[in-house]
Amino acid sequence: MSVFKIIFKSGFLLSVTLGLSLYFSKAFSPLSNNLKTAYLSVPENTLDVVVLGSSHTQYGINPAVINNETGLYAYINASACQPMEVSYQMLKESLKTQKPKVVLLDVFTMMPGQSVCYDESIYKLASDEMTGIEKINTLLYIEDKKIAFDYIISIRMYHQRWNEIDFNDLKIRNEDIPYDSFGYINLEPKEYVFKYLEPKSKKNKYELKEKDVKSLNKIKALCDENNIELLLIKTPFDIDQENYDALMAIWDLADDLDIEYLDLIDYTEEMDFAFGMDSETWHNTNWGAYKNSKLISEYLIKNYKFEHVYNEEVERNLNYLKNTTLYNMLLNQVDPYKFMKYASEFDCIILLKYNGFYKTTIGEYENELLNNMGFENDFIKNKKNNYYGVVSNGELIDFDDKELITRVNGKKIVINKNKIEFNNQILKDADGELTIVVYGIDFSWNQNMNVDYSSRWFWKNGCLGWECK
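Going by the working numbering, the sequence shown opens with residue 18, and the numbers climb by one from there.
This is the structure:
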């Protein structure tokens, strides 16, 4: 037998063995035998923007807000502490099914702050969002190659499950799985305080790691090859001097490589971004993600031209995310200004009970907020008059100044001076002299805001109702 035939047969046998090992690894795994990830379930070539990087983007950028502002489709294809070399693999994974116009790349893992969570489990977390050679390449970054191969050929870990599986387990699926979060992770505010970042300036020179610089160059080259605009980004976090110096070094490198960047930390004052409400030390809350995403949306529309294609399935999933986004942003909200602003920007059903009174201090801004929600009334000129109304997706359905009885999507609604009644049930916590009730588009939830004239009609960002620091 010739040497060539021996090599060919050996290679063929090795390929078959590896293929069967990977196949049975899926079958024996107790987690999933689906070949798809959530990202790969998104219809092909529909995404306009793909976001890569660490968990800072998972918590700090909300695709629902971006879509609400721009109509664009975005997906957060990030993972906890995603190293730059893994972001390169994730970009290759992302391009298997999508042709985005813009890739946003978070730069946190080029900074010293990444050391707080840097261990080799991050490669496993990232690999769970990948398939094929990109998954294998990511796991091979683990220094302990035995552990790496255990993850790659997981039948090594699960082979004792042979007596638990049946023929259905051997059917490797390639089914779509839910992607209605679009990679976004919601974080509720836990501390109702105003804490603002102290302005910083560069003090010391920071040397970036050579491997990170190399990976960034590879990411740029891959974007250039596919006619993709690369935008580096940093969401706000409680940044110290060393990390700030590192961030300045990254922006200097970006200038040298002719890569655009958007430093949201520079905009914290403009966004009125407060730590406590808008962010924890590392991760942004849903209120912070809203502010980030509004500014990112503005930047995207101003600087890039998109050839957006409408997709009904993506829209349906985004509507679900928008519905849950609004619910989470209104949850525990005590600022009526923000409550009304959020409600005016998303599809929802709004009930208003306004008991007229001559001492109300409604000004132009308050009147504008009420109008923006869809209530067509001059609340300054007619402040003595009662107003009871219902709005659906920004459109006034009905109103009355004595008692409103109407129906929305088959649900009976009654509003008068003393109560708000929904489907023959009197709502609790709706007894303010002014009450706003917001329902989700599917009526699966509601959030209320009450304001009593005797205490104060509205309050601004002067920390009234908040603990200030």
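Every residue gets a Cβ at the ideal spot worked out from N, C-alpha and C, and that includes glycine.
request  = Please classify Gln350: does DSSP put it in a helix, a strand, or coil?
outcome  = coil
ask   = CA-CA distance, Lys162 and Ser138?
value = 13 Å
task = Compute the Euclidean distance between the alpha carbons of Thr285 and Val454, then round it to the nearest angstrom.
result = 31 Å
inquiry  = Please classify Pro216 as buried or exposed, where buried requires at least 16 other C-beta atoms within 10 Å of its C-beta.
reply    = exposed
message = Taking 8 Å as the cut-off, does the stretch 121-129 touch the stretch 141-156 (at least 3 CB pairs, one atom from each stretch)?
response = no
message = On the CB-based measure, 16 or more other CB atoms within 10 Å of its CB, does Ser144 come out buried or exposed?
response = buried
ask   = At which residues does the beta strand (DSSP E) containing Asn94 begin and terminate?
value = Premise fails: Asn94 is in no beta strand (DSSP E) and is neither H nor E.
query = Is Lys222 helix, strand or coil by DSSP?
reply = coil
message = Using 8 Å as the cut-off, can you tell me whether the stretch 419-429 makes contact with the stretch 381-388, which would need three or more C-beta pairs spanning the two stretches below that distance?
response = no
ask   = Whose C-alpha, out of Tyr354, Asn372, Leu347, is nearest the C-alpha of Cys365?
value = Leu347
ask   = Who pairs with Met466 in a beta bridge, going by DSSP?
value = Ile453
task = Note down, one range per segment and in chain order, each beta strand (DSSP E) of at least 3 residues found wholly within the stretch 219-276.
result = 246-251
ask   = Roughly how many angstroms lie between the CA atoms of Asp352 and Lys428, to the nearest whole one?
value = 28 Å
ask   = What number of angstroms, rounded off, separates the C-alpha of Ile430 from the C-alpha of Ser310?
value = 35 Å
request  = Could you spell out where the beta strand (DSSP E) holding Thr423 opens and where it closes?
outcome  = 421-425
message = Which of the three DSSP states is assigned to Trp179 in this structure?
response = With a pLDDT of 47 at Trp179, under the threshold of 50, the predicted position of this residue should be treated as unreliable, though the coordinate-derived value follows. Correct three-state label for Trp179: helix.
key: Same chain, Cβ closer than 8 Å to Met127, five either side skipped, listed in chain order   = Met101, Leu225, Lys226, Asp229, Leu233, Ala263, Ile267
key: Whole-number beta carbon distance between Val67 and Tyr92, since they are thought to touch under 8 Å   = 6 Å
query = What residues in its chain sit with their C-beta under 7 Å from that of Asp197, if we drop five residues either side in the sequence?
reply = Asn334, Tyr337, Leu338
message = Please tell me whether Tyr278 and Leu312 are closer than 7 Å, where the distance is taken between their beta carbons.
response = no
request  = Check whether the Cβ atoms of Leu64 and Ala95 lie closer than 7 Å to each other.
outcome  = no
task = State the DSSP-derived secondary structure class of Tyr213, mapped to helix, strand or coil.
result = coil
message = According to DSSP, simplified to helix, strand and coil, what is Glu412?
response = strand
ask   = Whose C-beta lies closer than 7 Å to the C-beta of Asp255 among residues of the same chain, with five residues either side of it excluded?
value = Phe292, Thr298
query = How would you label Lys237, buried or exposed, when you count the other beta carbons within 10 angstroms and need 16 or more for buried?
reply = buried
task = For Gln115, count neighbouring Cβ atoms within 10 angstroms of its own Cβ and tell me buried if that reaches 16, exposed if not.
result = buried
Buried or exposed by the 16-neighbour rule on C-beta atoms within 10 Å, applied to His73 = buried
ask   = Excluding five sequence neighbours on each side, which residues of the same chain lie with their C-beta closer than 6 Å to the C-beta of Tyr371?
value = Tyr404, Leu451
query = Alpha carbon to alpha carbon, how far is Asp418 from Glu146?
reply = 55 Å
For Val326, the three-state DSSP class (helix, strand or coil) = coil
ask   = Along the chain, where does the alpha helix (DSSP H) that runs through Ile202 open and close?
value = Counting along the chain, Ile202 falls outside any alpha helix (DSSP H), and DSSP gives it neither H nor E.
Rounded C-alpha distance that separates Thr526 from Ala81 = The structure shown has nothing for residue 526, since the chain only spans 18 to 486.
key: Close beta carbons around Trp483, own chain, < 6 Å, minus the five adjacent residues each side   = Annotation note: pLDDT 40 at Trp483 (below 50); position unreliable, no value reported.
inquiry  = Here's a check: name, in chain order, each residue in its chain whose Cβ is nearer than 7 Å to the Cβ of Asn260, leaving out the five neighbours to either side.
reply    = Met128, Pro129, Gly130
Selection from Lys113, Tyr140, Asn62 that minimises the alpha carbon distance to Gln99 = Tyr140
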